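Colleague: Chains as they are written, first to last, in full-length UniProt numbering: chain Y, 1 to 125; chain Z, 1 to 534.
Where a beta carbon is used, it is the ideal one built from N, C-alpha and C, also for glycine.
All values derive from a computational prediction rather than experimental measurement.
Below: one structure in structure tokens.
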Amino acid sequence: METAMAILTGLFFAVSIYLMLSRHIIRILLGVAILSNAVNLTIFTNGRITREVPPIIPEGKAFPVEAVANPLPQALVLTAIVIAFAFFAFLLVLVFRSYQELGTDDTDEMREAEPPNEPAPPLGY
Amino acid sequence: MALDASYDVDISQAMVVELPPLADWLVVAPLVVGFVFGALCLMTRKDTGRQPFVAITGLLAMLAADIGLFWHVYTNGTVVMTMGRWLPPFGITFAADMLGALLALVTGILGFAGGVYALQDISRTGRRYGFYPFLLLMLSGVTAAFLTGDIFNLYVWFEVLLIASFGLLVLGSEREQLDGATKYAFLNLIATTLFLLAVAYIYGVFGTLNMADISRKAASVRDSGPLFTITAMLLFAFAMKAAAFPLNFWLPASYHTPRIVVSGLFAGLLTKVGVYALLRIFLTLFGAERDILAGTIAVIAALTMVLGAMGALAQNDIRRLLGYLVISGIGSMLAGLALGSATGLSGAVLYAVHSMIVMTALYFLVGIMVERMKVFTLREAGGLYSSAPWLAALALMLFLSVSGLPPFSGLWPKALLVKASLDVGAWWLAFAILLSGLLTTIAVARVFAFSFWRERDTAQKGAGEVQPAPAATSGAMAGSLTALLLLTVAVGVYPEPVVRVTDRIAAELKAPSRYVEAVFPPGSEPLTTEQTEP
Numbered sequence: 001m002e003t004a005m006a007i008l009t010g011l012f013f014a015v016s017i018y019l020m021l022s023r024h025i026i027r028i029l030l031g032v033a034i035l036s037n038a039v040n041l042t043i044f045t046n047g048r049i050t051r052e053v054p055p056i057i058p059e060g061k062a063f064p065v066e067a068v069a070n071p072l073p074q075a076l077v078l079t080a081i082v083i084a085f086a087f088f089a090f091l092l093v094l095v096f097r098s099y100q101e102l103g104t105d106d107t108d109e110m111r112e113a114e115p116p117n118e119p120a121p122p123l124g125y
Numbered sequence: 001m002a003l004d005a006s007y008d009v010d011i012s013q014a015m016v017v018e019l020p021p022l023a024d025w026l027v028v029a030p031l032v033v034g035f036v037f038g039a040l041c042l043m044t045r046k047d048t049g050r051q052p053f054v055a056i057t058g059l060l061a062m063l064a065a066d067i068g069l070f071w072h073v074y075t076n077g078t079v080v081m082t083m084g085r086w087l088p089p090f091g092i093t094f095a096a097d098m099l100g101a102l103l104a105l106v107t108g109i110l111g112f113a114g115g116v117y118a119l120q121d122i123s124r125t126g127r128r129y130g131f132y133p134f135l136l137l138m139l140s141g142v143t144a145a146f147l148t149g150d151i152f153n154l155y156v157w158f159e160v161l162l163i164a165s166f167g168l169l170v171l172g173s174e175r176e177q178l179d180g181a182t183k184y185a186f187l188n189l190i191a192t193t194l195f196l197l198a199v200a201y202i203y204g205v206f207g208t209l210n211m212a213d214i215s216r217k218a219a220s221v222r223d224s225g226p227l228f229t230i231t232a233m234l235l236f237a238f239a240m241k242a243a244a245f246p247l248n249f250w251l252p253a254s255y256h257t258p259r260i261v262v263s264g265l266f267a268g269l270l271t272k273v274g275v276y277a278l279l280r281i282f283l284t285l286f287g288a289e290r291d292i293l294a295g296t297i298a299v300i301a302a303l304t305m306v307l308g309a310m311g312a313l314a315q316n317d318i319r320r321l322l323g324y325l326v327i328s329g330i331g332s333m334l335a336g337l338a339l340g341s342a343t344g345l346s347g348a349v350l351y352a353v354h355s356m357i358v359m360t361a362l363y364f365l366v367g368i369m370v371e372r373m374k375v376f377t378l379r380e381a382g383g384l385y386s387s388a389p390w391l392a393a394l395a396l397m398l399f400l401s402v403s404g405l406p407p408f409s410g411l412w413p414k415a416l417l418v419k420a421s422l423d424v425g426a427w428w429l430a431f432a433i434l435l436s437g438l439l440t441t442i443a444v445a446r447v448f449a450f451s452f453w454r455e456r457d458t459a460q461k462g463a464g465e466v467q468p469a470p471a472a473t474s475g476a477m478a479g480s481l482t483a484l485l486l487l488t489v490a491v492g493v494y495p496e497p498v499v500r501v502t503d504r505i506a507a508e509l510k511a512p513s514r515y516v517e518a519v520f521p522p523g524s525e526p527l528t529t530e531q532t533e534p
């Protein structure tokens, strides 16, 4: 199970890095979204996968009586998903706004903050 | 739900049974204050006249909490508190040692100074778009990152301060800001995601996320676990957050675009969180891996210092010049981390404190300069000496301080770092520190010469005389700038108490077992967090 998950995670990383290498900002955004999912799967796999035994304490007991799935990675992944989703939403709006204002989604042409032909500082007094 | 008799367990094995002493609550006080007043500011968002008073009260309360926390840690040692009454490592631990408390204190000072400065710098529109809620949220995130003792929680605080910083960065929605914010947002988010990836592997290897627990288990895991890979990933992620040399390009692309008070606080606070995380990871958690990576970190440090200062020399825009000086300062702190000796670490922490105060003050200064000159570029600058001689005096002091010249606070950390480099025979690192100091001096001296000494070329702008700003408009700005300046002068003239604090921090960092003992007091049964193996 871990092996299959490791291969799947590797594929996710490969796809996200490929997308992030693009010049077009929307592809970079998709790459970042897939990257965060790849990391979430990594956390999940690192918690060791135990199937079909939910971490539920039987009624009347103070602790689980048999081996159960590790609940902590699920809590971590849930936190990470929420954060990643909020960032994705923010970045999507930011990217759309900069596309509206700058008229391009090509990062090579987004030179508003760093103009390409900026004059050198004065060289004499 | 009814429980049968088998529910007869000793909860003192897993939970704190008595409340911690009242003074220990100080460890969460700055965050609580920050979030509560952030929420209040959000509620009074539309009432732009009254909102600043709420915000300033909150910032003042936050500063008071930071001072109280620092004093408590200074007198009683590391303060530990675990959330939800769980015993560590089960609950999320907050652990304020001297390093965290000192940096939190400086954060409180800068936050208050920034809040006062923003009274003039941020317009009513900016307030309505939520400047103060974002500011308080960011300060809470930064403070919490300095105080948390749980590595996943550190990731969460990184995201909190990051999302708040996005809000501050795009305040105004100018074309330039959207461009800068896009680059800042993507590269910082990727860095934080890579940090989370390293956290995933830490969890897989250690089965715990508590920093003290990781620290005490590192020795036994070292033979079997890929700790070197994990630390290399962490170095990459935090070097990107700190804007160390090959990963620094987001900083000069974005730090000059927001309002000047935002730039100042970013320059003072955000990159230093990355440096703090590096110090914490490499000294408290993975000391042996730091020894292996020390050479690499030293090379990165030297390149960051020198190339940052050279970048500053090549800039026409004064704000971008300051951005490169921020990068150069990061190099000096990394040099202390690479050296790892008590002197080097003391120098690194002292440099961090110096750099936080002085870089923020420099941006504040540029804000006042631009209010009078109306331009940011060195080519058009000029004429300030005749219109505002007092500003020239303040500027000269800050410029000498950032260059590391006496009698200001920049001298002492550089002296400590050079001494620590020469102690281990790293003459090239000492040379890089001194060279970056020289290049910084040249860069800021040019700013001084062009914007103060040179007469304004009025024909070029066709704008007539430089109009001195009305005294009332720059009262809050000049006040907070002067306060920060007094701090750097005080540290420069009488460094003894501060150096004593940083020496103590260096001793604490050199002995991570003291951090572990504070979280897991000796005598208590060590609890295991073994994972359920399939």
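Using a C-beta to C-beta distance shorter than 8 Å, which residues of chain Z count as neighbours of Tyr18(Y)?
Modeller: Within the first sequence, the letter at position 18 stands for residue 18(Y). Chain Z residues near Tyr18(Y): none, gap ~14 Å exceeds 8 Å.
Colleague: Return the CA-CA distance between Val306(Z) and Arg320(Z), expressed in angstroms with no decimal places.
Modeller: Locating residue 306(Z) in the second sequence gives position 306, counting from the first residue. Locating residue 320(Z) in the second sequence gives position 320, counting from the first residue. Approximately 16 Å between the Cα atoms of the pair.
Colleague: Using 8 Å for Cβ pairs, my map puts Leu110(Z) next to Leu135(Z). What's the rounded Cβ distance?
Modeller: Taking the second sequence and counting its residues from 1, the one referred to as residue 110(Z) is at position 110. Taking the second sequence and counting its residues from 1, the one referred to as residue 135(Z) is at position 135. Incorrect: roughly 11 Å between the Cβ atoms, too far for contact.
Colleague: Below 7 Å between beta carbons is the criterion; list the residues of the segment 188-209 of chain Z that meet it against any residue of chain Y, in chain order.
Modeller: Here the close residues are Leu189, Ile190, Thr193, Leu196, Leu197, Ala200, Tyr201, Tyr203, Gly204.
Colleague: Buried or exposed: which applies to Val327(Z), given that a residue is buried once 16 or more other Cβ atoms fall within 10 Å of its Cβ?
Modeller: Within the second sequence, numbered from 1, the residue matching residue 327(Z) stands at position 327. In the sequence as displayed, the identity of residue 327(Z) is Ile instead of Val. It counts as buried.
Colleague: Do you know whose CA, among Trp71(Z), Met81(Z), Gly100(Z), lies nearest Glu508(Z)'s CA?
Modeller: Taking the second sequence and counting its residues from 1, one reaches residue 508(Z) at position 508. Measuring from the Cα of Glu508(Z), the nearest candidate turns out to be Gly100(Z).
Colleague: How many angstroms separate the CA atom of Gly91(Z) from the CA atom of Ala518(Z)?
Modeller: Within the second sequence, residue 91(Z) is the residue found at index 91, counting from 1. Within the second sequence, residue 518(Z) is the residue found at index 518, counting from 1. Roughly 15 Å separates the two Cα atoms.
Colleague: From Pro89(Z), Pro246(Z), Ala449(Z), Gly323(Z), pick the residue whose C-alpha is nearest to that of Pro258(Z); which is it?
Modeller: Locating residue 258(Z) in the second sequence gives position 258, where the first residue counts as 1. Minimum Cα distance to Pro258(Z) is reached at Gly323(Z).
Colleague: Can the beta-carbon of Leu147(Z) be found closer than 9 Å to that of Val27(Z)?
Modeller: Taking the second sequence and counting its residues from 1, the one referred to as residue 147(Z) is at position 147. Taking the second sequence and counting its residues from 1, the one referred to as residue 27(Z) is at position 27. Going by C-beta atoms, Leu147(Z) is nearer than 9 Å to Val27(Z).
Colleague: State yes or no: is the C-beta of Thr42(Y) within less than 9 Å of the C-beta of Leu435(Z)?
Modeller: For the purposes of this step, residue 42(Y) is taken as the residue at position 42 of the first sequence. For the purposes of this step, residue 435(Z) is taken as the residue at position 435 of the second sequence. No, they are not a contact pair.
Colleague: Could you give the distance in angstroms between the alpha-carbon of Phe376(Z) and the alpha-carbon of Ser386(Z)?
Modeller: Position 376 of the second sequence, counted from the start, is the residue given in the question as residue 376(Z). Position 386 of the second sequence, counted from the start, is the residue given in the question as residue 386(Z). Going from the Cα of Phe376(Z) to the Cα of Ser386(Z) covers about 18 Å.
Colleague: Of all the options Leu378(Z), Gly410(Z), Ala277(Z), which has the alpha carbon lying nearest to the alpha carbon of Phe195(Z)?
Modeller: Indexing the second sequence from 1 puts residue 195(Z) at position 195. When only C-alpha atoms are compared, the closest one is Ala277(Z).
Colleague: Are the beta-carbon atoms of Met408(Z) and Val489(Z) separated by less than 9 Å?
Modeller: For the purposes of this step, residue 408(Z) is taken as the residue at position 408 of the second sequence. For the purposes of this step, residue 489(Z) is taken as the residue at position 489 of the second sequence. The sequence as given places Phe at residue 408(Z); Met does not occur at that position. The answer is yes: Cβ separation under 9 Å.
Colleague: Could you give the distance in angstroms between the alpha-carbon of Leu63(Z) and the alpha-carbon of Val418(Z)?
Modeller: For this step, residue 63(Z) is matched to residue 63 along the second sequence. For this step, residue 418(Z) is matched to residue 418 along the second sequence. Computed Cα separation, rounded: 33 Å.
Colleague: How big is the Cα-Cα spacing for Ala89(Y) and Val32(Y)?
Modeller: As a working mapping, residue 89(Y) is identified with position 89 in the first sequence. As a working mapping, residue 32(Y) is identified with position 32 in the first sequence. Roughly 12 Å separates the two Cα atoms.
Colleague: In terms of alpha-carbon separation, which member of Ala381(Z), Gln120(Z), Gly115(Z), Leu119(Z) lies closest to Leu139(Z)?
Modeller: Mapped onto the second sequence, residue 139(Z) falls at position 139. Ranking the options by Cα distance to Leu139(Z), first place goes to Gly115(Z).
Colleague: For Asn76(Z), return the contacting residues in chain Y, with the cut-off set at a CB-CB distance below 7 Å.
Modeller: The residue given as residue 76(Z) occupies position 76 in the second sequence. None at all; the shortest Cβ gap to chain Y is about 32 Å.
Colleague: Take Ile26(Y) and list the residues in its own chain whose beta-carbon comes closer than 7 Å to its own, dropping the five residues that flank it on each side.
Modeller: Here residue 26(Y) corresponds to residue number 26 of the first sequence, with the count starting at 1. Answer for Ile26(Y): Val95, Asp105, listed in chain order.
Colleague: Between the Cα of Phe399(Z) and those of Arg372(Z), His354(Z), Ala420(Z), spot the shortest distance and give me the residue it belongs to.
Modeller: By one-based count along the second sequence, residue 399(Z) stands at place 399. Cα-wise, what sits closest to Phe399(Z) is His354(Z).
Colleague: Which same chain residues, not among the five before or five after Lys241(Z), have their C-beta less than 6 Å away from its C-beta?
Modeller: By one-based count along the second sequence, residue 241(Z) stands at place 241. So the list reads Ala191, Gly274, once near-sequence residues are dropped.
Colleague: Could you tell me the alpha carbon to alpha carbon distance between Leu105(Z) and Asp66(Z), rounded to whole angstroms?
Modeller: The residue given as residue 105(Z) occupies position 105 in the second sequence. The residue given as residue 66(Z) occupies position 66 in the second sequence. Whole-angstrom Cα-Cα distance: 5 Å.
Colleague: Taking Cβ positions only, does Arg97(Y) come closer than 9 Å to chain Z?
Modeller: As a position in the first sequence, residue 97(Y) is number 97, starting the count at 1. Arg97(Y) counts as touching chain Z.
Colleague: At the level of alpha carbons, what is the spacing between Thr3(Y) and Gly10(Y)?
Modeller: Residue mapping note: residue 3(Y) aligns to position 3 of the first sequence, counting from 1. Residue mapping note: residue 10(Y) aligns to position 10 of the first sequence, counting from 1. The alpha-carbon atoms of Thr3(Y) and Gly10(Y) are separated by roughly 11 Å.
Colleague: Using a Cβ-Cβ distance cut-off of 9 Å, determine whether Phe166(Z) contacts chain Y.
Modeller: Along the second sequence, read from residue 1 onward, the residue named residue 166(Z) stands at position 166. True, the Cβ-Cβ gap to chain Y drops below 9 Å.
Colleague: DSSP has Asn210(Z) in a bridge; who is on the other side?
Modeller: For the purposes of this step, residue 210(Z) is taken as residue 210 along the second sequence, with counting starting at 1. In DSSP, Asn210(Z) forms a bridge with Asp150(Z).
Colleague: Quick one: using the 10 Å Cβ neighbour count with 16 as the cut-off for buried, is Ser421(Z) buried or exposed?
Modeller: The count along the second sequence starts at 1 and reaches residue 421(Z) at position 421. Buried, because 16 or more other Cβ atoms sit within 10 Å of the Cβ of Ser421(Z).
Colleague: Considering only the alpha carbon of each residue, which of Ala335(Z), Lys183(Z), Leu60(Z), Met477(Z) lies closest to Glu114(Y)?
Modeller: Taking the first sequence and counting its residues from 1, one reaches residue 114(Y) at position 114. Among Ala335(Z), Lys183(Z), Leu60(Z), Met477(Z), the Cα nearest to that of Glu114(Y) is on Lys183(Z).
Colleague: Anything in chain Z within Cβ reach of Asn46(Y), meaning under 7 Å, just list it in chain order.
Modeller: On the first sequence, position 46 is the one that residue 46(Y) refers to. Correct list: Ala200, Tyr201, Tyr203, Gly204.
Colleague: Return the CA-CA distance between Asn70(Y) and Leu209(Z), expressed in angstroms with no decimal places.
Modeller: Looking up residue 70(Y) in the first sequence gives position 70. Looking up residue 209(Z) in the second sequence gives position 209. Distance between the alpha carbons of Asn70(Y) and Leu209(Z): 14 Å.
Colleague: At the level of alpha carbons, what is the spacing between Leu293(Z) and Ala388(Z)?
Modeller: Walking along the second sequence from the start, residue 293(Z) turns up at place 293. Walking along the second sequence from the start, residue 388(Z) turns up at place 388. Roughly 49 Å separates the two Cα atoms.
Colleague: Skipping 5 residues on each side, what residues in its chain have a beta carbon closer than 7 Å to that of Leu285(Z)?
Modeller: In the second sequence, counting from the first residue as 1, residue 285(Z) sits at position 285. Same-chain partners within the cutoff: Met211, Ile214, Ser215, Ala218.
Colleague: Among Val170(Z), Ala298(Z), Leu227(Z), which residue has its Cα nearest to the Cα of Trp427(Z)?
Modeller: Sequence index remark: in the second sequence, residue 427(Z) carries index 427 (1-based). Closest option to Trp427(Z), Cα to Cα, is Ala298(Z).
Colleague: Look at Ser332(Z) and Asp503(Z) and say whether their C-beta atoms are less than 9 Å apart.
Modeller: Here residue 332(Z) refers to the residue found at position 332 when the second sequence is read from its first residue. Here residue 503(Z) refers to the residue found at position 503 when the second sequence is read from its first residue. No, the pair does not count as a contact, with Cβ atoms beyond the cut-off.
Colleague: Strictly below 8 Å CB to CB, what residues from chain C border Ala86(Y)?
Modeller: The displayed structure is made up of protein chains Y and Z, and chain C is not among them.
Colleague: Please report the distance separating the alpha-carbon of Arg50(Z) from that of Gln120(Z).
Modeller: Stepping through the second sequence from its first residue, residue 50(Z) is reached at position 50. Stepping through the second sequence from its first residue, residue 120(Z) is reached at position 120. Taking the straight line from one Cα to the other gives about 14 Å.
Colleague: Which chain Z residues sit within Cβ distance under 7 Å of Met5(Y)?
Modeller: Mapped onto the first sequence, residue 5(Y) falls at position 5. Result: empty, since nearest Cβ-Cβ is about 12 Å, beyond 7 Å.
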